[in-house]
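Student: Sharing a structure below in structure tokens format, with a few things to ask.
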Amino acid sequence: MKNRCYCKWNLMSTDRSSAIAELLDIVPPFDERRKSLLLTALESREQAGATVVHESISMPHCRSILVDDFEIVLGRSKKGVGWPEEKVELVILFISPVTPKSPEEHTQLIKQFADRIKDGGAEKIFAAEDCAELAELLDLDLLDGG
Amino acid sequence: MDPNLERLISLHDLDIMIADLSRNDIRKEEEKLGLSPDEAQKELRQLRKELCNKIEKRLLARYDRLASRYGNAVVPAIQSRCSGCLTRLPTAMCSDPNRNERIRTCPTCGRIIYWAD
Ligand SMILES: [Zn+2]
């Protein structure tokens, strides 16, 4: 079964912190408190080393006790988001739950995205015209996107 | 939410990230993506140190004791149960509208509890 994702096609934010917050905003189960704690966790990871994984693609990620299922949010930006030194046009944000099996599943997810990006995959991804196409290219089911 | 509880949750998330970056499978995938797990782990340890300075010593000692005993010191309450030991939590604790406004622990295992809903 495919993992499910949310997607925002036109990110308004132009800096990393606001872009992560903007993406967390579209996940329905996150209240303000959880959003703020998840932002702290994801930003800590970014402070420790920016997660730019390919030209123009960043992959903020963590495992957290604040989620009970995998939460994946895609964000596309035409203007580019400062991450902070490089401009990023696609953000693949994911948070994995903390369960006995989740380290392996988290690794699997990193691998899944890495496989989709490599060997010319990124070019196809950037050619996607909407959230549905983007999700499909990353082997995800789209829950909501616009 | 109690600010100390927020800090303990953030500490727990940091500890998971630090532990993940010691796992060979995760390190391998991150390296393949061009990320630097060693450097990230070093920086995360520094962030952890800074966060620990903001947490009351007594609470931090409790957190460390629980983490070394169980691997997870902070757990969510799920359907009125401690998700660490699965024991049903006291009704008064769960029905308190201000239940996240102070540090609560599971009466059975002692883990620190927070309510996500
Ligand atoms: Zn318990």
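Line by line, the protein sequences give chains A and B.
FYI, in the working numbering the residues of the first sequence are 1 to 146.
FYI, in the working numbering the residues of the second sequence are 147 to 263.
Cβ atoms here follow ideal geometry from the backbone N, Cα and C, with glycine treated the same way.
Computed from a predicted structure; not experimentally measured.
With B/D166 as the anchor, note down where its alpha helix (DSSP H) starts and where it stops.
Tutor: Here the alpha helix (DSSP H) through B/D166 covers 149-166.
Student: What residue range is occupied by the uninterrupted alpha helix (DSSP H) comprising A/R45?
Tutor: Note, A/R45: alpha helix (DSSP H), 32-48.
Student: Work out the CA separation of B/C240 and A/P84 for me, nearest whole Å.
Tutor: Roughly 42 Å between the two C-alpha positions.
Student: Between which two residues does the beta strand (DSSP E) containing A/N3 stretch?
Tutor: Start and end: 3-8.
Student: Does A/R116 get closer than 9 Å to chain B when you measure Cβ to Cβ?
Tutor: No, because no Cβ of chain B sits closer than 9 Å to the Cβ of A/R116.
Student: So, at 8 Å on beta carbons, what are the nonlocal neighbours of B/M147 in its own chain, with the 5 sequence-adjacent residues on each side left out?
Tutor: These residues qualify, in order along the chain: N246, E247, Y260.
Student: For A/T14, go through chain B and note every residue whose CB falls closer than 9 Å to its CB, in chain order.
Tutor: Here the premise fails: no neighbours, minimum Cβ distance about 23 Å.
Student: Taking 9 Å as the CB-CB limit, is B/P222 close to chain A?
Tutor: Yes, its Cβ sits closer than 9 Å to a Cβ of chain A.
Student: DSSP on A/S18, reduced to helix/strand/coil?
Tutor: Of the three classes helix, strand and coil, the one that applies to A/S18 here is helix, per DSSP.
Student: Based on DSSP bridge pairs, tell me the residues matched to A/K87.
Tutor: Answer is A/G82.
Student: Select from the stretch 177-193 of chain B all residues with a C-beta closer than 7 Å to any C-beta belonging to chain A, and list them in chain order.
Tutor: Residues passing the 7 Å Cβ filter: K178, L179, G180, L181, S182, E185, A186, E189, L190, L193.
Student: Would you mind giving the Cβ-Cβ distance between A/K8 and A/L23, rounded to the nearest angstrom? I have them listed as a contact below 8 Å.
Tutor: A/K8 to A/L23, Cβ: 6 Å. Contact.
Student: What residue range does the alpha helix (DSSP H) around A/D141 cover?
Tutor: That residue, A/D141, is in no alpha helix (DSSP H); its beta strand (DSSP E) goes 140-145.
Student: Terminal residues of the continuous beta strand (DSSP E) containing A/R63?
Tutor: It spans 61-63 - the beta strand (DSSP E) in which A/R63 sits, taken as one unbroken run.
Student: Where A/V52 and B/T254 are concerned, what is the direct C-alpha to C-alpha distance, given to the nearest angstrom?
Tutor: About 44 Å.
Student: My parser needs the alpha helix (DSSP H) runs of 4 or more residues fully inside the stretch 84-124 of chain A; what are they?
Tutor: Runs of the alpha helix (DSSP H) inside the stretch 84-124 of chain A: 102-117.
Student: I think B/G202 touches B/N244, with their Cβ atoms under 8 Å apart; what is that distance to the nearest whole Å?
Tutor: For the record, residue 202 of chain B in the displayed sequence is Glu; it is not Gly. Contact doesn't hold; Cβ gap of about 19 Å is too wide.
Student: Starting from the Cα of B/D277, find the closest Cα among B/C231, B/T233, B/R257, B/D263 and give me that residue.
Tutor: Because chain B spans 147 through 263 in this model, residue 277 of chain B falls outside it and cannot be assessed.
Student: List, in chain order, every chain A residue whose beta-carbon is nearer than 8 Å to that of B/A262.
Tutor: Those within 8 Å of B/A262 in chain A are R34, L66, D68.
Student: Measuring alpha carbon to alpha carbon, tell me which of A/E43, A/I110, A/I95, A/E123 ends up nearest A/Y6.
Tutor: Among A/E43, A/I110, A/I95, A/E123, the Cα nearest to that of A/Y6 belongs to A/I95.
Student: Which residue's Cα is closest to the Cα of A/R16: A/R33, A/H106, A/T40, A/K101?
Tutor: Selected option, being the one with the closest Cα: A/T40.
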